[in-house]
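Everything on this sheet refers to the single structure shown next.
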Amino acid sequence: MTSNSESTQELPLQQVDRVVIRFAGDSGDGIQITGSQFTMTSAIVGNDLATLPDFPAEIRAPAGTRPGVSGFQIQFSSSDIHTPGDAPDVLVAMNPAALVVNLKELKPGGTLVVNTGNFKEQDLRKAKLDKNPLEDGSVDGYRVIEVDINERVKEALAELTISSKDKERCKNFYTLGLMYWLYSRPLEPTLKWLADKFKRTPELVEANQMALKAGYNAGDIRELFHSHYEVLKTESMPPGTYRNVMGNQATAIGLVAGSKLANLRLVLGSYPITPASTVLETLAGYKSHGVITIQAEDEIAAICAAIGASYGGCLGLTSTSGPGMALKTEAMGLAVAVELPLVILDVQRAGPSTGMPTKVEQSDLFQSILGRNGDTPMPVLAISRPSDAFEMAIEACRIAVQYMTPVILLSDNYIANGAEPWRLPEMDSLKPFPVHFHDDPSNMEVFGRNELGARPWILPGTPGMEHRIGGLERDSKGNVSYDPDNHQRMTLERQNKILNIAKTLPKPTIQGEAQGDVLLLGWGSTVGVLTRVFEEAKAKGQKVSRIHLRHLWPLPPGLEDIFAGFKKILVPELNMGQLARLLRSEFQHHDFVSLPKVTGQPFLTHEIVKEVDRILA
Amino acid sequence: MTSNSESTQELPLQQVDRVVIRFAGDSGDGIQITGSQFTMTSAIVGNDLATLPDFPAEIRAPAGTRPGVSGFQIQFSSSDIHTPGDAPDVLVAMNPAALVVNLKELKPGGTLVVNTGNFKEQDLRKAKLDKNPLEDGSVDGYRVIEVDINERVKEALAELTISSKDKERCKNFYTLGLMYWLYSRPLEPTLKWLADKFKRTPELVEANQMALKAGYNAGDIRELFHSHYEVLKTESMPPGTYRNVMGNQATAIGLVAGSKLANLRLVLGSYPITPASTVLETLAGYKSHGVITIQAEDEIAAICAAIGASYGGCLGLTSTSGPGMALKTEAMGLAVAVELPLVILDVQRAGPSTGMPTKVEQSDLFQSILGRNGDTPMPVLAISRPSDAFEMAIEACRIAVQYMTPVILLSDNYIANGAEPWRLPEMDSLKPFPVHFHDDPSNMEVFGRNELGARPWILPGTPGMEHRIGGLERDSKGNVSYDPDNHQRMTLERQNKILNIAKTLPKPTIQGEAQGDVLLLGWGSTVGVLTRVFEEAKAKGQKVSRIHLRHLWPLPPGLEDIFAGFKKILVPELNMGQLARLLRSEFQHHDFVSLPKVTGQPFLTHEIVKEVDRILA
Amino acid sequence: MTLQDPPKRTRKDFQSDQEVRWCPGCGDYAILASVQKYMAEAGVDPAKTVVVSGIGCSSRFPYYMNTYGFHTIHGRAPAIATGLKVARPDLDVWLITGDGDSMSIGGNHLIHVLRRNVNITILMFNNEIYGLTKGQYSPTSPVGTVKKSTPMGSVDRPFNPLQLVLGSQATFVARSVDADPGHLGKILKAAHEHQGTSFVEILQNCVIFNKDFYKDAMERSVRPDKTVDLVAGEPVVYGKERDKGLRFHDMQVEACAPGDALVWNPSGPNSAPGFLMAGLSEQAGMPTPIGIFRDYQALRYDTEVNSQVQKAVAKSGQGNLKDLVYAGETWQV
Amino acid sequence: MTLQDPPKRTRKDFQSDQEVRWCPGCGDYAILASVQKYMAEAGVDPAKTVVVSGIGCSSRFPYYMNTYGFHTIHGRAPAIATGLKVARPDLDVWLITGDGDSMSIGGNHLIHVLRRNVNITILMFNNEIYGLTKGQYSPTSPVGTVKKSTPMGSVDRPFNPLQLVLGSQATFVARSVDADPGHLGKILKAAHEHQGTSFVEILQNCVIFNKDFYKDAMERSVRPDKTVDLVAGEPVVYGKERDKGLRFHDMQVEACAPGDALVWNPSGPNSAPGFLMAGLSEQAGMPTPIGIFRDYQALRYDTEVNSQVQKAVAKSGQGNLKDLVYAGETWQV
Ligand SMILES: Cc1ncc(C[n+]2csc(CCOP(=O)(O)OP(=O)(O)O)c2C)c(N)n1
Ligand SMILES: Cc1ncc(C[n+]2csc(CCOP(=O)(O)OP(=O)(O)O)c2C)c(N)n1
Ligand code: SF4
Ligand code: SF4
Ligand SMILES: [Mg+2]
Ligand SMILES: [Mg+2]
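This is the structure we're talking about:
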């Protein structure tokens, strides 16, 4: 049953600027692979792009059910884009559950590709549907392309000897082929990827490649579509070598880079937790870079192992997410007290408590900046996108070793699993900051301070420099001290050391005019959507500018001046307004408007646009 | 060698309004007992009083050393007082270490009582002194009373058959007797206390009682002093039944009271930690009140056991200090998520990390209000003095059960170990707030909400009401939900429930005028010193008023109006300015001046007075 | 006096209205069915039953049980269950946990609940993997395990779960397997009837991340020859033909004729026999022991804590608030 | 080739400039002296030595040692030591802990460091009390302990520390006592020489809060008759006259003539003999065992982790940052 299809002599090739596709299907359907292949190929053809994977919470929810639906949205464009798009132009729905879960977000008049092979009685039942949504009017108003992908794949692979189960597993590549044709993408990158991926089972290489081509050809022989499209390569992308990268991967690479620039061995202590686990897994694969990974018994042991490694003269690192951060609280205090470098990566997810582990939120900000017993200041940085992770990870390492302090590096689920083209740095643009261990016994002030306020780092094993450190308050020699004045002085020194980091930070750059009605202020993974909002506002002639904070504590210099240029400062956050509250306490004389969102989903452009319009009304 | 003593026929009895005595000696000398006996007796004669015990950090530092010095300061008065006093009028120094550690704080011209029996060569050596401070001019300018207490006690007890070691142990009661005479206190309360304390060893009752009387008589037979003093009973104390109480003890009693008013069994899960341990120890003695105490394996288990008990329909309680709070962070989030009542008592000490466990600080405020992963709001209350602990503990219990929420109750080391007269409440003035468990299966919204925003509390064991709760985000029936709108709604409901508590709180009362130049704003254990500062300012004619916050989150109503009446709001805190930062973020249009102090010691009156003068200058 | 018969219940009475969401084929389904079946047969009252769990695939268990349930946080269920049981000794408390939840992050609470001997029933689903976080090795994975976080193989020696719990003074220790509902049912009964903490390790198949890890011993065809079931009062004999016996010699286990086999006694004060047996499968040629390794009566924390309260009340009378407040030296102003 | 003699050192070389601040009479002094004496005799290099500790009276130990030292947080020293030793296998890492620090709050890290067999030496000072927090009972206090938080006596069964660590797959397990420097010195040497995690329980007198708790077995006058020293290769014989022997029978220990006594072997793969012995003093009439319960070579985590790194480098070459950054599919714009 193929509908909406007419045979015309030649299908027109239309150029479009940007397209949003959402792939949706059962988590067993290989949706994430389909999405990431489409991403890779689009990156290679030179589009700008942004992605939003959406996993089910369960490992394998029962096939065909609504909780089992896995989604992957990509926006790709011939001009700059910054978000995966609010509403998809095309929805590919591999089963009824995927259709009903996603349909309401498809653009009016958008294209709906459905795999009718999965719309049988029992499929509808699994999705808890009484009626077939393809037949009850639900899909009216959309351009519906019905393909029995199951059948088509079976036919295409009829001659292969692999099991019918294995054949069925190829259907995502058929789907991908269809989309490649529709948007004029080359097959080669995926063909190559398949050859590599299944190199131990050549029959699977063949089958998947055949399915991909069959899907492509199905489009080509005009079976289905009225026209096909071309999204040209972005001209605005700066020249350079690019690579497609996921956030957690780029973070891992950046941390290795940071340790190398510091001339230290990287030692990760970690306990698996969604969505941070892949950082551990990635770093476990970097042993040839001298990286050591310790999968500890819990988050407390993980940070403690990292502290032990830093004490031993390596760069200690620990990676986790919200509940794990909570557990590390006490040990963070120890690292502050003994003034050892340490990087603490928090890939945030939706809370409180276990919350929604596979959803995004920026709600660990307060915990990071203020959530420890005692006066326990610690620098906090935030990654804003996969392609920014490398640089921010290096920055975290730099601050940690130069200031002898633990540093919190915030990421989130959206960055962690999102992918985008990353313009690779020139290697010699990376400025090393090698650590010099202190080894002069004639000058043994363990808590003496250099011009930055940092204490010397003394390597255990250095003859003649034996000393003791610990969590009790201590004097400048490291010995326990209950002296009142000493505690006052040490507390101040610890605070000033951290505040002084601000001096080394650049003043944030303003996108747009330095004066105006509204300053959009964001941090972390909202960068894309805020850029888009800014552009829309500018297009409308609104006096809106934008800055994005990469350093959350200490705050970068120059904010007072920047804020003075605007009537209102709009702070959209994926939490209940944490940064806004912090800014109000630091800057008393400006008008901060908080725009909180806590649905576990990223902002949509129009949600913020609406708020800007409201403020300007 | 007794100096400064002249024999006159009759010693004058002078009336004085207030006196500050500091007892100081080796931690083995029984200084804390001496101090608390003086306190009890002064309370019974009707003085107002305030105390400041100062323990050594070590259990038993080597005898005679400076780190082994234990101190106890008491101010007692015939009029209202609020602090243990800045500088002592009398210093009792039982050994050279105690002398050198404390001398610099004695008032110029003050009285110094020294036990010369402990000023031998080896005693000086233990205190790391080259010369005898009694002979090198160090004590010039003080009225020095030298008594060989060791010898006097030996003589006084010569006829007793107990060991000479046991005799020596009586010297603190000799000293106490001297002071009782000097300040005209009755011996009976202490004689009675001794009889009870040593009831199993009558020979020790006799010895200590004899020593006490010998000390008293030594004063009386005019061997030592020029005059003696009387501090009349306070007329301003409201009538009622009084009892002398220490902070941790009053807190424990208040928590039992809270559970009884809620008609629930109190179940404490705790892990020992200074200075909170005595709450566990006190409650362990209240078994006949149905109180259950679980000494858990760590702080995490402690709070979890309390959560388990609350889940089972008891009032769960956990008590700890800073590092333990840090460890409880994750579990607090669970309690917020499942919305069970729970009281978390944090007896603060100096941080960060292990810090200075026996010293005071108020630096867990941020951790308490903001230090959790996710948006995880929790009410925070603060006790301000031993006599206030009972009421605040009940208030914490009330909020916990009425709002189905964990509540943090802050105390600190100064309150915990301080003692003062407590005017006992009339029992029928205590308003019960009995819990009604929900047991109607026809109405089973596990996360439905009443008019306060609280969910129903359903007792496991209730037939027909079986349900599940957990840390994953949940819908109103308690089932796991990843629905975006549900998470937004639940997050809001959790936040509003806590913010709404403010509606039930009284507007803080202002001490002084509603308009003025400076509003002194404090919280917690600074209440006494701030009251004193207020009184001094008033006496000087400064336009200073004062409020003290008992609820730190949500903040009580009416603050905006109060703040509007003042040019500056001075916020002295024993931390780096945490409340001041919080207030700035909540109240944008007022001028908050932070006065931080982090020496591990309470504020002295003049430190704050100086700041007030500076502001007004 | 005749007791009233408990209402007859079926498995269905213990099924909640929530859709079960483990991966198709996961061993957790079989365990869920066994537990529900046992509860129905034993006439357990769902309203008096609480299932507490930590975090992990296994720990989703409470949602599927039509009893009271508390899905807590990772590793902390033993502490929460301790508080609950001490507060409410009348409730029947079950604790569901995984090898990661109980032996990794929750290790401390596990060993302490066992030491205290709180009267609860712990089922530890051991799939030798972290399922929920998608397949990292766990503290029960053998050395050399190649998984996501150990691309070159794990190098840490695993726990022997039963030795760990015996070392923690556990009073009831048993092992069974998801795929043998008959055996599992028997063990559940014994565990539930034991007074004190019962610890049951259930080998559980994670079909996604550690498929059939236990098959060498547990596959139906080899099971009789590769496992030995420790049953109190019975000789330690195994094999399809029950032709192989085991006995002790000098603190070792040695093979012997069935007739010479040791008669199993898990109930002595000394837990060393169970400890030795727990290590058996590490000995070449020896079967994997299942069944009951220890079943011993000892002091129970929950009971004792409550009886101290009763004693205190009996001695000093039910404490009254006024006495507490007005205690000690008081005076009038 | 002759090795250069290590510089001769004395106890003084291991004494820091900090005043020792335990209570007069505390058993910690004797242990400190024994450790310093052993280190001097063994020619240990203070600069290569790190003493890590948690929190407790015992954990103040590092301040008094003229080596590198890290006084960490309560219970976490094993995790910190693991990170340190893995990062710096060249350092000699000692860990000082108390019964509360290691068996209460630190239980999880303790069992995991033992399982991993990280090459460090752990000295656990067991005074059956929380000293630093002024005398609450601990997880090693016997049932019925009346202390500040247990006015009616404790009701939780204690750990047997040696059984707990053996259950955690410890490879070296020993027990000694503060008051017997000769024995303690011997044990310190064996523990330090063992490759892998060594766990030494040292019974330690807290004169303030738990004075002489161990005197029934450890007082000098009764010690020979009330303790039995387990020494590898020697018969298990004790008594002032060495007239009492012990041997195994059916997984029990029984008394026998000295000539029939078991010859002690702590080095087999099976730790059940040590486990059985560790429980001995709970058996009426039996002595308290001290000495070495287990001494067995096994895979070491610190070594293995580092050798995987070396293997990876050997296989793929020393990783270079550019290759890492420019890996995978790249393209030019
Ligand atoms: C504090 C915290 N740390 C980490 C996690 C992530 N986490 C969830 S389950 C799990 C391991 C589960 O393993 P196991 O107990 O064996 O259960 P299984 O899924 O195998 O049944 C981990 C690491 C978490 N939820 N919370
Ligand atoms: C997180 C935390 N919880 C509690 C404490 C308080 N505390 C310090 S030492 C200690 C117990 C010490 O007992 P043990 O390890 O046996 O040492 P000992 O003093 O007996 O040598 C406790 C509970 C702490 N410092 N930190
Ligand atoms: S991941 Fe494994 S343990 Fe978890 S549900 Fe799936 S099969 Fe079961
Ligand atoms: S309290 Fe006990 S363990 Fe601590 S120093 Fe004193 S005697 Fe030693
Ligand atoms: Mg598992
Ligand atoms: Mg101890």
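Here the protein sequences line up with chains V, G, Z and L, keeping their order. Every position in the first sequence, counted from 1, becomes a number in our numbering once 316 is added. Every position in the second sequence, counted from 1, becomes a number in our numbering once 316 is added. Every position in the third sequence, counted from 1, becomes a number in our numbering once 3 is added. Every position in the fourth sequence, counted from 1, becomes a number in our numbering once 3 is added. Cβ atoms here follow ideal geometry from the backbone N, Cα and C, with glycine treated the same way.
Problem set entry | Nearest candidate by alpha-carbon position, reference Pro888 (chain G), set G:Met526, G:Arg900, G:Val845 and G:Ala651 | Checked all of G:Met526, G:Arg900, G:Val845 and G:Ala651; the closest Cα to Pro888 (chain G) is G:Val845.
Problem set entry | Proximal chain Z residues relative to Ser669 (chain V), where beta-carbon distance stays under 7 angstroms | Below the 7 angstroms Cβ cutoff, chain Z contributes Ile76 as neighbours of Ser669 (chain V), in chain order.
Problem set entry | Beta carbon shell of ligand 3 at less than 5 angstroms from a heavy atom | Residues with a Cβ closer than 5 angstroms to any heavy atom of ligand 3, in chain order: V:Ile375, Z:Trp25, Z:Cys26, Z:Cys29, Z:Cys60, Z:Gly134, Z:Cys209, Z:Val210 and Z:Ile211.
For this session: Measure the C-alpha to C-alpha separation of Pro702 (chain V) and Gly786 (chain G) and round it to an integer number of angstroms.
Result: About 33 angstroms.
Exercise. Which two residues bound the contiguous beta strand (DSSP E) that contains Arg790 (chain G)?
Worked result: Taken as a continuous stretch (DSSP letters only), Arg790 (chain G) belongs to no beta strand (DSSP E), as it is neither H nor E.
For this session: Could you tell me how far apart the beta carbons of Leu289 (chain V) and Gln525 (chain V) are, in whole angstroms, since I believe they sit closer than 8 angstroms?
Result: What the structure shows of chain V is the stretch from 317 to 933, and residue 289 (chain V) is not part of that stretch, so it cannot be assessed.
Problem set entry | Trp773 (chain V) (DSSP reduced to helix, strand or coil) | In the structure shown, Trp773 (chain V) sits in coil (DSSP, three-state: anything other than H, G, I, E or B).
Exercise. Are Leu890 (chain V) and Val914 (chain V) close, meaning C-beta to C-beta below 8 angstroms?
Worked result: A Cβ-Cβ contact shorter than 8 angstroms links Leu890 (chain V) with Val914 (chain V).
Problem set entry | Stretch-stretch touch, CB-based, cutoff 8 angstroms, three pairs: the segment 705 to 719 of chain V with the segment 765 to 774 of chain V | As far as the Cβ criterion goes, the segment 705 to 719 of chain V touches the segment 765 to 774 of chain V, which means the pair count is three or higher.
Exercise. How big is the Cα-Cα spacing for Ile356 (chain G) and Leu473 (chain G)?
Worked result: Residue 356 (chain G) is actually Met in this sequence, not Ile. Distance from the CA of Met356 (chain G) to the CA of Leu473 (chain G), rounded to the nearest whole angstrom, comes to 25 angstroms.
For this session: Alpha carbon to alpha carbon, how far is Leu540 (chain V) from Glu322 (chain V)? Give it in angstroms, no decimals.
Result: Because the pLDDT at Glu322 (chain V) is just 41, under 50, the model does not fix this residue reliably, and the point stays unresolved.
For this session: Run the CB neighbour count on Leu725 (chain V), radius 10 Å, all protein chains shown included, and call it buried at 16 or more, exposed below.
Result: Within 10 angstroms of the beta-carbon of Leu725 (chain V) lie 16 or more other beta-carbons, which makes it buried.
Problem set entry | Beta-carbon neighbours of Leu169 (chain L), restricted to chain Z and to distances below 9 angstroms | Chain Z residues near Leu169 (chain L): Gln166, Gly170 and Phe278.
Problem set entry | 6 angstroms Cβ shell around Leu643 (chain V) - same chain, five flanking residues per side excluded | Excluding sequence positions up to five before and after Leu643 (chain V), its CB lies within less than 6 angstroms of the CB of Glu615 and Ile616, all in the same chain and listed in chain order.
Exercise. Would the C-beta of Gly640 (chain V) count as close to ligand 1, meaning under 7 angstroms from any of its heavy atoms?
Worked result: Relative to ligand 1, the beta carbon of Gly640 (chain V) is positioned inside 7 angstroms of a heavy atom.
Exercise. Sorry if obvious, but does the Cβ on Asn130 (chain Z) come closer than 7 angstroms to a heavy atom of ligand 5?
Worked result: Between ligand 5 and Asn130 (chain Z), a heavy atom-to-CB distance of less than 7 angstroms is present.
Exercise. Which of the three DSSP states, helix, strand or coil, is assigned to Tyr558 (chain G)?
Worked result: It is a strand residue.
Exercise. For Tyr66 (chain Z), which residues in chain V fall below 7 angstroms Cβ to Cβ?
Worked result: In chain order: nothing, as chain V lies at least about 11 angstroms away.
For this session: Have a look at Leu596 (chain V) and Val308 (chain L) and give me their C-alpha separation to the nearest angstrom.
Result: Put simply, the backbone Cα of Leu596 (chain V) is about 15 angstroms away from that of Val308 (chain L).
Exercise. For the alpha helix (DSSP H) that contains Leu324 (chain Z), what are its first and last residues?
Worked result: Counting along the chain, the alpha helix (DSSP H) containing Leu324 (chain Z) begins and ends at Leu324 to Val328.
Exercise. Given a limit of 8 angstroms on CB to CB distance, which residues of the segment 794 to 816 of chain G reach chain Z?
Worked result: So the list reads Asn795 and Val796, given in the order they occur along the chain.
For this session: Consider the Cβ of Asp93 (chain L): report whether some Cβ of chain V lies at a distance smaller than 8 angstroms.
Result: Flagged as an interface residue toward chain V: Asp93 (chain L), by a C-beta distance shorter than 8 angstroms.
Exercise. How about Ser454 (chain G) and Ala735 (chain G): are their beta carbons less than 8 angstroms apart?
Worked result: No.
For this session: Return yes when at least one heavy atom of ligand 4 lies under 7 angstroms from the C-beta of Asp464 (chain G), else no.
Result: No, ligand 4 has no heavy atom inside 7 angstroms of this Cβ.
For this session: Compare the Cα-Cα distances from Ser901 (chain G) to each of G:Leu871, G:Cys630 and G:Leu920 and report the closest residue.
Result: The candidate whose alpha carbon is nearest that of Ser901 (chain G) is G:Leu871.
Exercise. Taking the alpha-carbon positions, what's the Lys549 (chain V) to Ser395 (chain V) distance?
Worked result: Roughly 8 angstroms separates the two Cα atoms.
For this session: Could you tell me whether the Cβ of Gly601 (chain G) comes closer than 8 angstroms to any Cβ of chain B?
Result: Chain labels in this structure do not include chain B; the protein chains are V, G, Z and L.
Problem set entry | Cβ neighbour criterion (16 or more within 10 Å) applied to Ile205 (chain L) | So Ile205 (chain L) counts as buried.
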